[in-house]
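Protein chains in written order, with our numbering: chain A, 39 to 834; chain B, 39 to 834.
Heads up, the beta-carbon is just placed ideally off N, CA and C, and yes, glycines get one too.
First comes the structure, then the notes that go with it.
Number of protein chains: 2
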Amino acid sequence: METAVKLTDSNTPLSTEELRKINAYWRAANYLSVGQIYLMDNPLLKQPLTLEHIKPRLLGHWGTTPGLNFIYAHFNRVIKAQNLSVIYITGPGHGGPGLVANTWLEGTYSEIYPNVAQNEAGMKKLFKQFSFPGGIPSHCAPETPGSIHEGGELGYAVSHAYGAVFDNPDLIACCVVGDGEAETGPLATAWHSNKFLNPIHDGAVLPILHLNGYKIANPTVFARISHEELENLFIGYGYKPYFVEGSDPEVMHQQMAATIDIVISEIKTIQREARSNGAAARPRWPMIILRTPKGWTGPKEVDGEKTEDYWRSHQVPFAEMTTKPEHIKLLEQWMKHYKPEELFDDDGVLVQELTELAPKGVYRMGANPHANGGILLKNLKMPDFRNYAVDVSKPGSVLGESTRVMGYLLRDVMQHNKDTRNFRVMGPDETKSNRLAALFEVTGRSWMAEILPEDDHLAADGRVMEILSEHTCQGWLEGYLLTGRHGFFSCYEAFIHIIDSMFNQHAKWLKVSKEIPWRQPIASLNYLLTSHVWRQDHNGFSHQDPGFIDHVVNKKADIIRVYLPPDANTLLYITDKCLRSRDFINVIVAGKQPQPQWLDMDAAIKHATAGVGIWAWASNDQETEPDVVMACAGDVPTLETLAAVGLLHQHVPDLKIRVINVVNLMTLQPQEEHPHGLSDKDFDSLFTTDKPIIFAYHGYPWLIHRLTYRRTNHKNLHVRGYKEEGTTSTPFDMVVLNDLDRFHLVADVIDRVPKLSRTGAYVKQFIRDKLIEHREYITTYGKDMPEITNWKWPGA
Amino acid sequence: METAVKLTDSNTPLSTEELRKINAYWRAANYLSVGQIYLMDNPLLKQPLTLEHIKPRLLGHWGTTPGLNFIYAHFNRVIKAQNLSVIYITGPGHGGPGLVANTWLEGTYSEIYPNVAQNEAGMKKLFKQFSFPGGIPSHCAPETPGSIHEGGELGYAVSHAYGAVFDNPDLIACCVVGDGEAETGPLATAWHSNKFLNPIHDGAVLPILHLNGYKIANPTVFARISHEELENLFIGYGYKPYFVEGSDPEVMHQQMAATIDIVISEIKTIQREARSNGAAARPRWPMIILRTPKGWTGPKEVDGEKTEDYWRSHQVPFAEMTTKPEHIKLLEQWMKHYKPEELFDDDGVLVQELTELAPKGVYRMGANPHANGGILLKNLKMPDFRNYAVDVSKPGSVLGESTRVMGYLLRDVMQHNKDTRNFRVMGPDETKSNRLAALFEVTGRSWMAEILPEDDHLAADGRVMEILSEHTCQGWLEGYLLTGRHGFFSCYEAFIHIIDSMFNQHAKWLKVSKEIPWRQPIASLNYLLTSHVWRQDHNGFSHQDPGFIDHVVNKKADIIRVYLPPDANTLLYITDKCLRSRDFINVIVAGKQPQPQWLDMDAAIKHATAGVGIWAWASNDQETEPDVVMACAGDVPTLETLAAVGLLHQHVPDLKIRVINVVNLMTLQPQEEHPHGLSDKDFDSLFTTDKPIIFAYHGYPWLIHRLTYRRTNHKNLHVRGYKEEGTTSTPFDMVVLNDLDRFHLVADVIDRVPKLSRTGAYVKQFIRDKLIEHREYITTYGKDMPEITNWKWPGA
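This is the structure:
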């Protein structure tokens, strides 16, 4: 068995001079990091340090920062030596001060933020702004140059890193993983991403597991298992781990330099061999396990208590400056031991011999264009979505599987952009189940593990990414989009909640990015939620949850879009729109089962462009005000509404019905709340100001109330939707169990339209009989009554 | 290095007769599994099989089932031989037919469901009910005897198993993990649970990684990495893996029997040694890697396409019975090759020699009481929560940290129940940060990895469980509760979204369990969400999300409870109430920072019992109708509301204000929607029918609208809350950025109360000045103005 590697002390690639300089650079970054956490004035410590120079609220995380600075310095060295393109993924995002310090040292920070210049005045601003009102956050954030990864929640560093290097053959993602983050589930499975990375057309991830031993108040699991277990674990994950462990800077610099030289050389060898012989076998990629003290170079003890190499270094190692004046002295000693006078000249400018250590231009990690992906973003070459139109001569006259039709469009998007390699489709083993299998006509499933002869469309260069981890799919896609490419994620509706929190973080990233002038727009994150709540009759209750929409609409209106196309042609239009959009999160909910098709392509474009509209062909209120408005959003609710309309036409033909279909859910919100919101005037003219509205909705009914409570006619709005009822049954029974079926909708109309008070009783008896018949039929035969499944809209 | 184990063929513990019988038992389970998927009549195949005997909709998952049946049969053997207490956790929950078949064979199924008797008529019902309307789901579910784990979402088998065996020293959880599930993040980190399992007072988990090679449409990662990597990975995770691999039943039965004998013996040895010498060192626990063909013993080929040992076996291996009559023949051959006539007598009763293979009574895995934990549940011994009361002589007169006070109560709950070992507290490294550190006065943090001298309250028998994985905390707690114990989960509010989907599954489990008479009530799942949105000023935007409440209230009203105690004494009362409750999910949101305390204990009990009420001492409408209602829910909104009331009293003393505080959020819903909902009459008398209501709410404001849109005075309701604004700033600035601060609330009142139209202009100018002063102060000094932080309620 191949074992892990630890270099001997004799491997010393740095000359004495180089060692001195790299250590000085590291000291400079550490000095600037401590300064950011503590100081608001006197940045070069020219005067004796006093309380007035120190921030009144001390915030930030020191513990992980010196390690991050150490890695940064060593990557500067190898980038410069070999002209590498590297982005730095800071898993321990709380180490924000380190990344800010380094990008300031290399010059990118001041280029982007000229008011924070590379001089004493700039250094003062750099210090003061950190974790200060009106300043910058304590984590790596959109504000941080060179970052595509916000620290904070933890768990996504490795999947982001892989997403970034897919289809970027010359890019290396230096991905630092904290040993706290390593305990999270999403991170624990993301290591397996190496089974999906192709050394020919993808770049490389160099994971650096940074063991500094402690979380907020506990040791970490990874720091307290044996070296043997640690080594086995990462060999088991498919890596070749190199250990760099210690605390003596001189020894550690040599070890780190030697190790990085070796791993970069291994990466290049792997890539060269794969690219020259074209054989994409899965190599054992190198990784580094770096063990350093938490709060390395910080105070060993504070008030007699162990601090360096302990959890007390996690955030601010000591505070209480007002009550303990000796702490001010301690801070001054700590900062001075980095010897700022050797590092910066009198104007606060980094001395020349250190300036030279950083790479230049876009080689600087803070300036790598992949970390501001919008600069590199190319529009997708889009086929005309009209070419895939389902021929609908008459509403309801044909059946179609919406997502299968969408699959044809996605297939050709994939084909048109194959050469530019900037489009991927993600899904947790569900691409085929979700009827998007047309993609496999032009590409395979990405797979670098073993392939057997009987395998189905597995391919080393496949562009459909399937792993049974929604977290990894989401992380890959975010990394891919943030580095300027395009993608699509299809998922079972219920299980997209698995990534609720990742969605939050991405939505927040987009919101802040939009406020930062130098961040260029990126492609939207597009979800297709299918295998949705109404067709989980075979899987049952545990697979039913339409609440992701509720979760999404809590985020800023200028970020999120929710579409519920009722048929294939509207889905085609919406898909095209989403793939062309920027800086949004688009949620599309559409079924995969055969369903009646309603709109021909011209009508679909018109309808979906408006986002909401009257379906005149299903309404009979043309000459007059309606007696009732029947609204619907979602494919199954649309079918049930139209079926209910059919029953009503048949039984109470003089009832005037207006049918409204909603594709773009955000149209329901007030105009002031969402850019797509209807004006009150338009809303009133559609939904009337005083007629009953029976609204059949795909998800939890109260969401419709939450969107419309300010509308004039809200008091007459009655919403049906999913109310957590359901089990293993038939498709139609699912809607019956939630009172969303045609029969209940008819009853709802009768209960609310005064003119039906007399004729209604008869119709309600008919409905009761039908529901009893339905119940008897399904429990006897196990399937829906033929008249339900073969139902046609009466107008068809 | 200790390497993995694969037994040689010479290790054959089963006699020929035993081998024949165990194989026959397995055939019986397989026969019954296929029967459930396909048949609705002719269960013993006494007549030639025809279309009428076959269900019209074929649902269910065959692929994993024969493997599950194989394991079950072998556990029956070892349980019987050694009188073990074992529960069976079915990670591949889609293998529902297997568990139903086995519990029917052992008799538990018919005891619980007498209409599904152990005879031909019962077998017919057993078959028909499966995945049939009105029948049972296709997964393991609450309906399944012996199960605490619903299949479906995947990811939680291992954490559930560990949760089940904590504090159950004699229990073994046989935990089958599918190789699909093994790709999920939560599962990938849950393997590390062995660092928290104490062999002295906990039971054992025997993980069985079942490699059957395929997911829905793809191979699995774990089946396509090298044997060497697989072995290393699990050694790295701290296990000693035993491999059982093959497809020949005779060989496989011997290997499995020999392996199980060895691993059970190893488990017993580990436990005996630890328990006799009292030294709780972390052992290398055994595990099994079982590699069998997917759809083992099913049809090799269907229509010329590979089926056994391939993804085509995942669900129903073949269907199209109407159009392909040869499929009926194939099904009959398949079922008959199990030779049902040797397994069941003419009445469908399992033959005597096979009946004897199953354990008896509670030793049957379907009847293990731990899997119906409510039977074993003992009430917690509760100290009187009044003993921890904060002395509040006058509202607002003292500061207190609510969660710290709660920590004293939790400490004593822990202490009182230490001997019964049925209470644990979970949290992702945040117990101390969340100010619950009093717990460490009586117990430690559970830790079985390496302990260093400087470590802080780590202990092998610690009862506070901390791992930086919300998924694992949640999974452990669910397993612990489902087996009849009590617990508590404290978490940062924003990051509880990580387990949104796990919450869904547990809520659904509870909903269904309540409808099953033989499932006994279990202790509620209690969340404390602290470090909440309003005090993330130091962490910033990425740590701000109060939306878990929105997520929770989408679930069934009889399952969920949401509490927002405004101070320590109400929190004490609510905590007591939650710890005594059953079958709920209780969400408590409370801050950890010093805040004014409002209610003495008597007032707190009265207020929190009602859940909502007027705070007369803060109101001045006693003699009359108010001009405005100022409502609040949550600790920070309560403070801001009272501060606004103070300002209003000062500036417009003749304004009549009614202050309402909401502790129990569900009181706002209509009575028909939630058992805690106020009647319309009560709501109207509190909130008036026509006065403006300014509602300061902890979370997203629209949730209040969604809960109250049917109330009479909803049109006058104006809600302030979190609207996704925030950054690194000061605590007070966080509320300012979201318009929830005292100044904006005052402005809201002025804008809505007609009688203030004249005096209001002056007050609004005052407010504008204050907000400018605030902005200048914080950007200069980096902290809140003293008058904000030192603010006292004017009545105090």
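So residue i and residue j are in contact, right, with Cβ under 8 Å, and what is the actual spacing, rounded?
i, j, result
"residue 152/A", "residue 551/A", "20 Å between Cβ atoms; not a contact."
"residue 474/A", "residue 610/A", "Not confirmed; about 13 Å, so no contact."
"residue 786/B", "residue 732/B", "5 Å"
"residue 621/B", "residue 559/B", "5 Å"
"residue 195/B", "residue 221/B", "The Cβ separation is near 13 Å, so there is no contact."
"residue 216/B", "residue 513/B", "So it is not a contact: roughly 16 Å between Cβ atoms."
"residue 694/B", "residue 659/B", "4 Å"
"residue 338/A", "residue 330/A", "About 14 Å separates the two Cβ atoms, so there is no contact after all."
"residue 524/A", "residue 478/A", "In fact, because the Cβ distance is near 19 Å, the residues do not count as touching under 8 Å."
Run the CB neighbour count on residue i, radius 10 Å, all protein chains shown included, and call it buried at 16 or more, exposed below.
i, result
"residue 319/B", "exposed"
"residue 385/A", "exposed"
"residue 565/B", "buried"
"residue 139/B", "buried"
"residue 455/B", "buried"
"residue 32/B", "Because chain B spans 39 through 834 in this model, residue 32/B falls outside it and cannot be assessed."
"residue 602/A", "buried"
"residue 400/A", "exposed"
"residue 588/B", "buried"
"residue 649/B", "buried"
"residue 292/B", "buried"
"residue 390/B", "exposed"
"residue 316/A", "exposed"
"residue 582/B", "buried"
Judging by CA-CA distance, which residue of the options is the nearest neighbour of residue i?
i, options, result
"residue 228/B", "797/B, 263/B and 243/B", "243/B"
"residue 279/A", "292/A, 665/A and 298/A", "298/A"
"residue 289/B", "410/B, 52/B and 111/B", "52/B"
"residue 453/B", "194/B, 192/B, 439/B and 501/B", "501/B"
"residue 806/B", "779/B, 285/B and 121/B", "779/B"
"residue 726/A", "746/A, 163/A, 663/A and 315/A", "663/A"
"residue 209/A", "533/A, 553/A, 728/A and 408/A", "408/A"
Spatial neighbours of residue i within its chain, please: CB distance less than 8 Å, with the 5 preceding and 5 following residues excluded, ordered by chain position.
i, result
"residue 83/A", "370, 373, 374 and 378"
"residue 758/A", "675, 732, 733, 734, 735, 739, 776, 777, 778, 782, 783 and 786"
Who are the near neighbours of residue i in its chain, counting only those whose CB is closer than 7 Å to its CB and skipping five residues on each side?
i, result
"residue 793/B", "665"
"residue 789/B", "none"
"residue 335/A", "68 and 104"
"residue 628/B", "440, 441, 566, 568, 603, 609 and 673"
Going by beta carbon distance, what residues of the same chain come within less than 6 Å of residue i, once the five residues before and after it are set aside?
i, result
"residue 403/B", "124, 126 and 184"
Is the closest heavy atom of the ligand NAP to the C-beta of residue i under 7 Å?
i, result
"residue 673/A", "No copy of the ligand NAP appears in this structure; indeed no ligand is present at all."
Q. Listed in chain order, which residues of the segment 514-547 of chain A have Cβ atoms closer than 7 Å to some Cβ of chain B?
A. Residues passing the 7 Å Cβ filter: 533, 535, 536, 538, 539, 542, 543 and 546.
Q. Along the segment 708-741 of chain A, what residues have a CB closer than 7 Å to any CB found in chain B?
A. 738 and 740
Q: Could you name the residues of the segment 160-185 of chain B whose beta carbon sits closer than 9 Å to any beta carbon of chain A, in the order they occur along the chain?
A: The segment 160-185 of chain B vs chain A, Cβ under 9 Å: 166, 168, 169, 170, 171, 172, 173, 174, 175, 176, 177 and 179.
Q | Positions along the segment 88-100 of chain A whose CB lies within less than 7 Å of some CB in chain B | A | 93, 94, 95 and 97
Q. Got a sec: which bits of the segment 186-214 of chain B sit with their beta carbon under 8 Å from any beta carbon on chain A, in order along the chain?
A. 188, 189, 190, 191, 192 and 193
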